[in-house]
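Chemist: Protein chains in written order, with this note's numbering: chain S, 37 to 295; chain U, 37 to 295. From the three backbone atoms N, C-alpha and C, an ideal C-beta is built for every residue, glycine too. None of these values were measured; they are calculated from a predicted model.
1. Which one or two residues does DSSP pair with residue 39 of chain U in a beta bridge?
2. Which two residues bound the contiguous beta strand (DSSP E) that contains residue 218 of chain S?
3. Any C-beta of chain U sitting closer than 9 Å to the C-beta of residue 169 of chain S?
4. Is it true that the stretch 114-129 of chain U meets the stretch 68-77 of chain U, where meeting means three or more beta-carbon pairs spaced less than 8 Å apart?
5. Do the stretch 60-70 of chain S and the stretch 258-275 of chain S make contact, defined as three or more Cβ pairs closer than 8 Å?
6. So residue 243 of chain S contacts chain U; which residues on that side make the cut at Cβ distance below 7 Å?
7. Tell me whether residue 205 of chain S sits in a helix, a strand or coil according to DSSP, three-state version.
8. Any Cβ of chain U within less than 9 Å of the Cβ of residue 188 of chain S?
9. To which residues does DSSP link residue 58 of chain U through a beta bridge?
10. Give a yes or no on whether 9 Å exceeds the smallest Cβ distance from residue 87 of chain S to chain U.
11. Taking residue 258 of chain U and residue 79 of chain U to be in contact with their CB atoms under 8 Å, please state how far apart those CB atoms are, rounded to whole angstroms.
12. Smallest Cα separation from residue 166 of chain S: which of S:187, S:178, S:290 and S:81?
13. With a threshold of 16 other CB atoms inside 10 Å of the CB of residue 285 of chain S, please say whether the residue is buried or exposed.
14. Which residues in chain S sit within 7 Å of residue 37 of chain U, going by Cβ to Cβ distance?
15. Across which residues does DSSP place residue 179 of chain U in a beta bridge pair?
16. Output yes if chain S places a C-beta closer than 9 Å to the C-beta of residue 105 of chain U; else output no.
17. Determine which residues of the stretch 209-234 of chain U have a Cβ less than 8 Å from any Cβ of chain S, and write them out in chain order.
18. Report yes or no: is there a C-beta of chain S within less than 9 Å of the C-beta of residue 125 of chain U?
19. Under 9 Å, Cβ to Cβ, is there at least one residue of chain S near residue 268 of chain U?
20. Go ahead and pull the three-state DSSP assignment for residue 141 of chain U.
21. What is the residue span of the beta strand (DSSP E) that residue 160 of chain S lies within?
22. Counting only the same chain and skipping the five closest in sequence on each side, list residues whose C-beta sits under 7 Å from that of residue 237 of chain S.
23. I want to see whether chain U comes within less than 9 Å of residue 252 of chain S, judged by CB atoms only; does it?
24. Excluding the 5 residues flanking residue 101 of chain U on each side, which residues of the same chain have their C-beta closer than 7 Å to its C-beta?
25. Straight-line CA distance for residue 291 of chain U to residue 251 of chain U?
26. Please check if any C-beta of chain S sits within less than 9 Å of the C-beta of residue 176 of chain U.
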């Protein structure tokens, strides 16, 4: 259930990589090779590439994953959100240009802003529900006139009327296990992408206990910086491999026995 | 108060442009030249460029606007939204790579997801409030326990605690004039970016009446397709110029006399 987030920050790369013209590609591919045995998905964050004019390296990283690890899906973390005619272009960007298997998106503009992604029926769409950042509460925790909080309504929409072909999942941060548990109650069968483990302080045991589905799965637990930058020297990939194995072990130990 | 949205769709370009390798750049620059006399801003929509691997042409279009029309600000319509450390990369992408004067963003992840943009104190941030698409109501019109609707809370946050250095504006669609008026009441001084005029059916008179500030300004009324594709032949730029002049005239006629 471990997902490695690919958030490449050249300022944190080991020295021997920093001057390479394709340093971002090399760093990511080394991480992919070192951690593939431990993961259920890779999640490249597009801003870390576009900031550096490295869209071509992002395409190449995803191509590398598909070619060498065809069983591991790629989640493009882009958090787009726009009206239908524009969202069509974002969907083409994610699924045709980058060939992602799933993409993250914001629910703020409603169902028709998500439909162009859902038109790709073999791909997934992961909708922001409850995020782990401090400002996540500003809107998401607002109480509605019905008594629900906003993120609960998003979970109910994604588990119900929005999920016309079973392609939806939700982003729920690891830092609020009670709220993760609440989302799991509302959406018993949806996969939940849970960032916030590791550098952001989320706890593995609490996350698994709160978020696992009745069938014993349904979690994609994402860690980025704690794995990518576990080492700072030429052996960074080995350090990442050890950190990923350790996190995967913690997740396995936290899982209840499969019934 | 007219803003021309640059949503270049190569399938709708005049035939003589379609086979050019930099057709997107050429089309946009022709539109910029033809309409600059009528506009207060240009608004390129990034998905229309990234879908075609045309980030370099987007950079070149914005550079062209800054060089030839230095008084006209560029709004990068990107609708990003992510936690602080990732939003820093999106902010650098918008303001340093593309050199936009302002960028659009989603409020769903709260204030700390907006702060990295606000750190650029000479740039603007335009937050989604009430959008004109059919699904815009799914979340934005939800009534809160306080009696407010969600978009009203967003307007109040942007007009108050979030607007620490006066850099915020709001996106409010043209298709709901009553709600535009309500946002204007809550945020009397904020600039409002109003898409939905033209192809999306918004009415100029109703928009100006509902959205203009007490001081007689505060609106950035955006039109894209109705201007970009006013003509389909070699004279597309002249047709765009006439359409922009006509829309600008309608806006001027709708404005109350300046006191």
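Modeler: Concretely, from the data shown:
1. U:77 and U:258
2. Element bounds for residue 218 of chain S: not the beta strand (DSSP E) but the alpha helix (DSSP H), 213-222.
3. yes
4. no
5. yes
6. In chain order: nothing, as chain U lies at least about 17 Å away.
7. strand
8. no
9. Answer by DSSP bridge pairing: none, since residue 58 of chain U is not bridged.
10. yes
11. 6 Å
12. S:187
13. exposed
14. Ordered by position in chain S, no residue passes the 7 Å Cβ test against residue 37 of chain U, which lies about 21 Å from the chain.
15. U:185
16. no
17. none
18. yes
19. no
20. strand
21. 160-166
22. 211
23. no
24. 68, 78, 108 and 110
25. 11 Å
26. yes
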